[in-house]
Amino acid sequence: RMKQLVPHLSRKDDAVDRSRSVVSLRDIQRVFDLFRFFKNDFVLADKESSAMSQHRHAMLLAIAVVYYLRLDRKSRLDFIVLIGTMPMEKDQSTNFLEILTSSINTVIEGTAIPDGVASTIGIKENIFMTVVCSLSRTPLMIIGPPGCSKTLAVNIVIDNANGEESRTEFYRKKPRIQHFHYQCSKTSTSNEVASVFDRAIQRQDNVDASRQQCLVFMDEAGLPEEEKESLKVLHYYLEGQVSTKASVAYVAITNHVLDAAKSNRCVSLLRPEANHEELLTIAIGVLFNTTDISCDVRKVVIEETQTSMLAIEFATRLCHTYTRLIRDEKAFKWFETFFGLRDFIYFLKAIKRRSDTSGPSFTIYLKTIVWALQRNFNGCEFYQLKRVVHEFLLCILPGDRNRTMNLADNLIKRPIEVVREALSLEEEPESLSYKSRYKLIIDESDDDSIIRLLEGDGLIDCSGNSLFKLSGMLEDSEMERLALVSGVKFAALQGRTALLSQTEAVNESFYDLFNQHFRS
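Just so you know, the sequence shown maps onto residues 1 to 520 in UniProt numbering.
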């Protein structure tokens, strides 16, 4: 029966596509380990159901975690059809997908999710797998493009899993998860990775395992260069999953599949690009703080034109425009290589921040939409930015094309005005869920002329400790680089503005800051 559940690779191109993520004997062992976990330690089945029903529930969840959630959308559909044709699954009152969905929702309902975070299928699966694999000490690798809530989901679980001090009853009955974070970069070394594991193992050995579970969280695991073999040390720390249970949990997130030697030592969760339904869920969740798009009957009013539409229609138009631009391989071929889902999400958050949501309708200004576009879809050529603004506004106001384009052109600000506003923007108390993004100014000159321009305009002050710059000489000492990195992180800790120039040699050290997951 287990053999029947492994998708058959009948075509050569299928085999090539999946050559870096294949099933192994380790997966079979994990299925039985997870079956015992779902049967005895993490029961999600109805406790009033029969013993046979609980056995089936636990086994199907184990199969889903190991085999189903690693697949892409098409392969998942094939898997559901395959498992539904098996003799023991016929004539069942609940099918495989219903059991998995119900179990995921049980975990999500017991999890406190911050305001402004949309409960998409993606983040639900990320949270579910992180909880299950952390508490069962099953190594997990979450694979997906930037902006698909991989890191966010892990941080939500860490914030919720505080043992008896947890905010929700669901987590109070579970061990506290203490995480040991490691931010990968191209300069990562095996000694650094081993040091994180050793600290986690040492901590786990000194605590009650029933009350506290240590977790090694490896962010951006795809960044270290494979030829340097800096992650090969993982083979040693994760190998215990076959013969003996590892003492610490392990979660890695990456934008691409790692080599088979590492992938086969983990359970994998594949997050594909968000489809229209997920995009719409994100938009509704961010803009209107709701997850049920069908019951949102509020209207959106565009103030300048007094145009009104249902909230769901407004969100749909934004999602449609973004999807069309990201998939356009002709006129907007450059868009997909420069922007992604994270930019779209921050665009939505920026709209909400400057819109009136107090009344029965959602009042939005066109200037707010243009401002949000300039803040989050900028950095390209100015004519390209104008085209992006035109596309969004024409989709929102499809009537008079010339009038809409003229409105857009009049609302687009000069680059220096955008920079001035961005550097002076302060967080508002009522907008704590909105984090202002870091600013990247692309200076194509060789003499840092942009710094003089900004300083002359009074936008930055280079006289104090805000400017961090390497000399650009090959003989830059290691001490100089370390001092610069320490200075930038200290500025971040204090909440000061930090201006980085010619720091390419050390930018790898700032992934944790750029990801906005800096922890003091």
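Beta carbons: idealized from backbone N, C-alpha and C, even for Gly. Computed from a predicted model, the values in this text were never measured in an experiment.
Item, Value
"Please go through the same chain and pick out, in chain order, the residues whose beta-carbon is closer than 6 Å to the beta-carbon of Tyr250, but skip the five residues on each side of it.", "Pro139 and Val216"
"Answer yes if the segment 155-169 comes into contact with the segment 273-287, meaning at least three C-beta pairs across the two stretches below 8 Å, and no otherwise.", "no"
"State the start and end residues of the unbroken beta strand (DSSP E) segment that holds Arg176.", "Arg176 to Gln183"
"Does the count of Cβ pairs from the segment 261-278 and the segment 66-82 closer than 8 Å reach three?", "yes"
"Ile347: which of Thr363, Tyr322 and Glu336 sits nearest, CA to CA?", "Per the sequence shown, the amino acid found at residue 347 is Phe instead of Ile. The shortest C-alpha separation from Phe347 is found at Tyr322."
"At the level of alpha carbons, what is the spacing between Phe335 and Leu366?", "22 Å"
"Does DSSP put Met141 in a helix, a strand or coil?", "strand"
"Does the segment 298-312 come close enough to the segment 346-364 that 3 or more CB-CB pairs lie under 8 Å?", "yes"
"Can the beta-carbon of Ile104 be found closer than 8 Å to that of Ser119?", "no"
"Using 8 Å as the threshold, is the C-beta distance between Gln178 and Glu220 below it?", "no"
"For Val419, count the other beta carbons within 10 Å of its own beta carbon; 16 or more makes it buried, fewer makes it exposed. Which is it?", "buried"
"Tell me which residue opens and which closes the beta strand (DSSP E) that Ile302 is part of.", "Lys299 to Ile302"
"Report the start-end ranges of each alpha helix (DSSP H) in the segment 157-224 that is 4 residues or longer and not cut off at the edges.", "169-172 and 190-205"
"Which residue comes first and which comes last in the alpha helix (DSSP H) that contains Tyr237?", "Leu234 to Leu238"
"Can you confirm whether the segment 116-134 touches the segment 230-237 when touching is taken to mean that 3 or more C-beta pairs between the two stretches lie within less than 8 Å?", "no"
"Taking the alpha carbon of Gln202 as the reference point, which residue from Leu25, Gln29, Gly495 and Phe180 has its own alpha carbon closest?", "Phe180"
"How many angstroms separate the CA atom of Val506 from the CA atom of Ser188?", "12 Å"
"Have a look at Lys262 and Ala252 and give me their C-alpha separation to the nearest angstrom.", "11 Å"
"Let's see if you can read the secondary structure: which residues bound the alpha helix (DSSP H) around Val251?", "No alpha helix (DSSP H) contains Val251, which is instead part of the beta strand (DSSP E) from Ala249 to Thr254."
"Put Met86 into one of helix, strand or coil per three-state DSSP.", "coil"
"For Pro87, count neighbouring Cβ atoms within 10 angstroms of its own Cβ and tell me buried if that reaches 16, exposed if not.", "exposed"
"In or out: Asn410 buried (at least 16 other Cβ within 10 Å) or exposed?", "exposed"
"Quick one: any contact between the segment 147-167 and the segment 303-316, if contact means 3 or more CB pairs under 8 Å?", "no"
"Could you tell me whether the segment 353-360 touches the segment 385-398, using the rule of 3 or more Cβ pairs below 8 Å?", "no"
"Taking the beta strand (DSSP E) that Ser268 belongs to, which residues open and close that run?", "Val267 to Leu270"
"In chain order, what residues of the same chain have a beta carbon less than 6 Å from the beta carbon of Ile123, not counting five sequence neighbours either side?", "Ser149 and Ala153"
"Quick one: what does DSSP say Leu459 is sitting in, helix, strand or coil?", "coil"
"Rounding to the nearest angstrom, what Cα-Cα distance links Phe38 and Arg30 in this structure?", "12 Å"
"Roughly how many angstroms separate the alpha carbons of Glu164 and Asn376, rounded to a whole number?", "41 Å"
"Go ahead and label Ile174 buried or exposed: buried means 16 or more other beta carbons lie within 10 angstroms of its beta carbon, across all protein chains shown.", "Reading the sequence as shown, one finds Lys at residue 174 and not Ile. Buried is the call here."
"Note down, in chain order, each residue of its chain lying with its Cβ closer than 7 Å to the Cβ of residue 521, except the 5 sequence neighbours on either side.", "Since the first residue shown for the chain is 1 and the last is 520, residue 521 is missing from the structure and cannot be characterised."
"Please give me, in chain order, every unbroken run of the alpha helix (DSSP H) with length at least 4 that falls completely inside the segment 276-363.", "276-288, 311-327, 333-338 and 341-353"
"Which value, in whole angstroms, describes the spacing of the CA atoms of Ala209 and His55?", "26 Å"
"Let me know the secondary structure DSSP gives Leu97 once reduced to three states.", "helix"
"In terms of residue numbering, what span does the beta strand (DSSP E) encompassing Leu500 cover?", "Leu499 to Ser501"
"Whose CA, out of Leu318, Pro146, Ile158 and Glu98, lies closest to the CA of Thr254?", "Pro146"
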